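In terms of our numbering, the sequence shown opens at residue 150 and continues consecutively. One structure is given here, and the rest of the page talks about it.
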Amino acid sequence: MAKADRERWDDRYATAPPEAPAPPELLNEHEHLLPAGGRALDVACGRGGVAVWLAGRGFAVDAVDVSPVALDALAGLAERHGVAGRVRAHRHDLDAGLPAGTRSGYAVVVCQRFRDPALYAALAGAVAPGGLLAVSVLSGGGGPFRAAPGELLGAFGGLEVLEHREGDGLQALLARRPGPDR
């Protein structure tokens with residue numbers, strides 16, 4: 150990601166309203182599917198609402214974003230909600246893929262409203278057997294930040310799709326990596 154892109158995100162996060170812990174797309178309706186605990190990965194975590202939500206449910210969360218402003222906000226949010234010890238921030242440019250140490254073994258992997266088809270295989274690969282993947286992207290209208298129709302279904306077809314929605318400018322997918330007993 151170019152320096153200008155990082156600076157644009159820094160500016161956006163610096164002026165954004167306060168974040169609150171919140172579930173990722175589709176998990177708000179399917180929280181019962183969450184594993185009992187373990188590690189979680191929040192890719193392009195922004196100001197940390199999803200990361201703190203996951204940490205509040207007992208997960209040890211690796212949260213990745215390019216913006217130091219966003220990661221500072223994440224640290225403050227985690228502190229305010231008493232989960233700072235369960236959230237580890239990684240400042241990383243996702244154009245280079247996932248950071249070292251975050252590429253496998255997660256009970257939950259989340260990537261909300263960040264689209265990079267080059268990361269799709271890495272996101273799927275980071276999910277442990279029996280783990281969940283929650284991805285959402287903007288769609289429709291064309292352009293590099295908007296997914297083509299059916300993009301997420303095509304990209305994550307190797308996982309067990311639990312729910313997929315497409316419409317109103319958004320695609321969201323919740324999937325599970327089959328475990329040894331499936």
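Glycine included, each C-beta is placed from N, C-alpha and C at the ideal position. The model shown is predicted, which means the values in this text are computed figures rather than measured ones.
Arginine 295 has its alpha-carbon roughly 12 angstroms from the corresponding atom of alanine 321. In the three-state reduction of the DSSP assignment, glycine 187 falls in the strand class, which pools E and B. Annotated three-state conformation of histidine 181 is helix, per DSSP. Inclusion of arginine 325 and valine 259 in the CB contact set at 9 angstroms is not warranted, their separation being larger than that value.
Glutamate 315 carries a strand assignment under DSSP once its states are collapsed to helix, strand and coil. With contacts defined as CB atoms closer than 9 angstroms, valine 192 and proline 170 fail to qualify as a contacting pair. Under DSSP, valine 201 forms no beta bridge with any residue.
Going by beta carbons, valine 201 and valine 236 fall inside the 9 angstroms limit. Assigned with DSSP and collapsed to three states, glutamate 309 falls in strand. Counting along the chain, alanine 277 sits inside no alpha helix (DSSP H); it lies in the beta strand (DSSP E) bounded by residues 276–287. Glutamate 168 and glycine 195 have their C-alpha atoms some 10 angstroms from each other. Here glycine 279 is actually not in contact with glycine 205; their C-beta atoms are around 21 angstroms apart, not less than 8 angstroms.
Just so you know, the alpha carbons of glycine 234 and leucine 190 end up roughly 15 angstroms apart. For leucine 220 against valine 210, the beta-carbon gap comes to about 13 angstroms, at or over 8 angstroms, which does not count as contact.
Per DSSP, the continuous beta strand (DSSP E) segment holding valine 213 begins and ends at 208–214. Distance from the CA atom of leucine 302 to the CA atom of leucine 183, rounded to whole angstroms, is 21 angstroms. The Cβ atoms of glutamine 261 and glutamate 315 lie no closer than 9 angstroms to each other. The beta carbon of glycine 207 is closer than 6 angstroms to those of Gly186 in its chain, skipping five residues each way along the sequence.
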